[in-house]
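*Asks:* Here the protein sequences line up with chains A and B, keeping their order.
Take the first sequence: its letter number 78 is residue 78 in this note's numbering, and every next letter is one higher.
When you read off a place in the second sequence, starting at 1, and then add 116, the result is the number in this note's numbering.
Note that beta-carbon positions come from the ideal geometry of N, C-alpha and C, so glycine has one too.
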Amino acid sequence: DAGVIQSPRHEVTEMGQEVTLRCKPISGHNSLFWYRQTMMRGLELLIYFNNNVPIDDSGMPEDRFSAKMPNASFSTLKIQPSEPRDSAVYFCASSSLSGSSYNEQFFGPGTRLTVL
Amino acid sequence: QKEVEQNSGPLSVPEGAIASLNCTYSDRGSQSFFWYRQYSGKSPELIMSIYSNGDKEDGRFTAQLNKASQYVSLLIRDSQPSDSATYLCAVKDISGTYKYIFGTGTRLKVLA
């Protein structure tokens with residue numbers, strides 16, 4: 001089975017540009033998580049969805065960040081406008097919420113974002 | 117503020133030795149615990165999950181959970197240079213959400 005798929009794997013952009021990161025969760029999983037990882041701050045949860053509905057976006061740093069999940073197999077994280085301090089690796093993870101599941105999360109390969 | 121604490125390391129062990137990685141958590145009611153391995157430049161990979169007090173073994177890995185003392189550990193037997201990575205401890209939040217709270221990770225170096 002395919003794991004979590006993210007695109008692009010690398011993104012280099014200039015300050016002020018719009019950036020869109022994409023994620024396809026594991027088929028059958030109904031929870032999706034967006035994380036950001038930097039050396040300074042470690043792994044931070046930005047937002048997560050359950051059954052395509054945003055549940056907790058308290059980790060989204062500011063209004064420049066937005067996330068959507070229009071269906072069970074696709075999510076986007078958008079940064080507009082981007083700033084150099086947004087440079088990080090962005091991970092998407094998914095998990096299944098069946099009745100007896102303990103909700104193991106599986107990570108995608110990540111998108112390395114560099115904002116110049 | 118719910119917290120998961122790990123020693124950042126690096127923890128250096130010789131090849132063939134047992135590596136012991138520790139994690140403490142602040143929320144006494146936590147029920148689900150996970151260890152992830154992250155190689156440099158790669159994504160976190162789930163290697164162990166544990167939910168009950170005691171030991172859980174999987175190959176060279178053993179997870180240990182002590183809820184009374186609020187710690188969870190990961191033992192790696194017969195450590196290999198390929199085990200050199202950062203190990204992240206994660207605890208599932210119990211407030212009715214499905215969030216994980218991650219520690220900052222312990223960097224393990226296995227010396228050949």
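Tell me which residues of the stretch 84-113 of chain A have at least one Cβ-Cβ distance to chain B shorter than 9 Å, keeping chain order.
*Replies:* 89, 91, 93, 95, 97, 102, 103, 104, 105, 106, 107, 108, 109, 110 and 112
*Asks:* Let me know the secondary structure DSSP gives residue 85 of chain A once reduced to three states.
*Replies:* Sequence index remark: in the first sequence, residue 85 of chain A carries index 85 (1-based). Reduced to three states, the DSSP call for residue 85 of chain A is helix.
*Asks:* Identify every run of the beta strand (DSSP E) within the stretch 11-56 of chain A, keeping only runs that are complete inside it and at least 3 residues long; order them along the chain.
*Replies:* 19-24, 31-38, 42-50 and 53-56
*Asks:* Quick one: which chain B residues come within Cβ less than 7 Å of residue 31 of chain A?
*Replies:* Your numbering for residue 31 of chain A matches position 31 in the first sequence. Within chain B, the residues near residue 31 of chain A are 214.
*Asks:* Please indicate yes or no: does the CB of residue 176 of chain B lie closer than 8 Å to some heavy atom of the ligand COA?
*Replies:* Absent from the structure shown: the ligand COA. Ligands present: none.
*Asks:* For residue 121 of chain B, which residues does DSSP report across the bridge?
*Replies:* Here residue 121 of chain B refers to the residue found at position 5 when the second sequence is read from its first residue. B/140, per the DSSP bridge assignment.
*Asks:* So with CB distances below 7 Å, who are the chain B contacts of residue 55 of chain A?
*Replies:* Translated into the one-based positions of the first sequence, residue 55 of chain A becomes position 55. In chain order: 213.
*Asks:* Measure how close the beta-carbons of residue 75 of chain A and residue 32 of chain A come, nearest whole angstrom, since I'm counting them as under 8 Å.
*Replies:* Locating residue 75 of chain A in the first sequence gives position 75, counting from the first residue. Locating residue 32 of chain A in the first sequence gives position 32, counting from the first residue. Confirmed, Cβ separation roughly 5 Å.
*Asks:* Can you tell me whether residue 197 of chain B is helix, strand or coil according to DSSP?
*Replies:* The residue labelled residue 197 of chain B in the question sits at position 81 within the second sequence. Reduced to three states, the DSSP call for residue 197 of chain B is helix.
*Asks:* What does a CB cutoff of less than 6 Å around residue 12 of chain A pick up in its chain, not counting 5 residues either side in sequence?
*Replies:* Here residue 12 of chain A refers to the residue found at position 12 of the first sequence. Once the five neighbours on either side are set aside, the close Cβ partners of residue 12 of chain A are 114.
*Asks:* Among all the DSSP beta bridges, which residues are the ones paired with residue 108 of chain A?
*Replies:* Position 108 of the first sequence, counted from the start, is the residue given in the question as residue 108 of chain A. DSSP, once it has assigned bridges, lists no residue as partnering residue 108 of chain A.
*Asks:* In chain B, which residues lie with their C-beta within 7 Å of the C-beta of residue 50 of chain A?
*Replies:* For the purposes of this step, residue 50 of chain A is taken as the residue at position 50 of the first sequence. Within chain B, the residues near residue 50 of chain A are 214.
*Asks:* Which residues in chain B sit within 7 Å of residue 166 of chain A, going by Cβ to Cβ distance?
*Replies:* Lying before the first or after the last residue shown, residue 166 of chain A is absent from chain A, which here runs from 1 to 116.
*Asks:* Count the other C-beta atoms from every protein chain shown that fall within 10 angstroms of the C-beta of residue 6 of chain A, then say buried if there are 16 or more, exposed otherwise.
*Replies:* In the first sequence, the residue the question calls residue 6 of chain A occupies position 6. So residue 6 of chain A counts as buried.
*Asks:* Please name the residue in A/17, A/69 and A/116 whose C-alpha comes closest to that of residue 54 of chain A.
*Replies:* What you label residue 54 of chain A is simply residue 54 of the first sequence in a count that begins at 1. Of the candidates A/17, A/69 and A/116, the one whose C-alpha sits nearest the C-alpha of residue 54 of chain A is A/69.
*Asks:* Using the C-alpha atoms, what's the distance from residue 92 of chain A back to residue 81 of chain A?
*Replies:* As a position in the first sequence, residue 81 of chain A is number 81, starting the count at 1. As a position in the first sequence, residue 92 of chain A is number 92, starting the count at 1. If I take the Cα positions, the gap works out to 21 Å.
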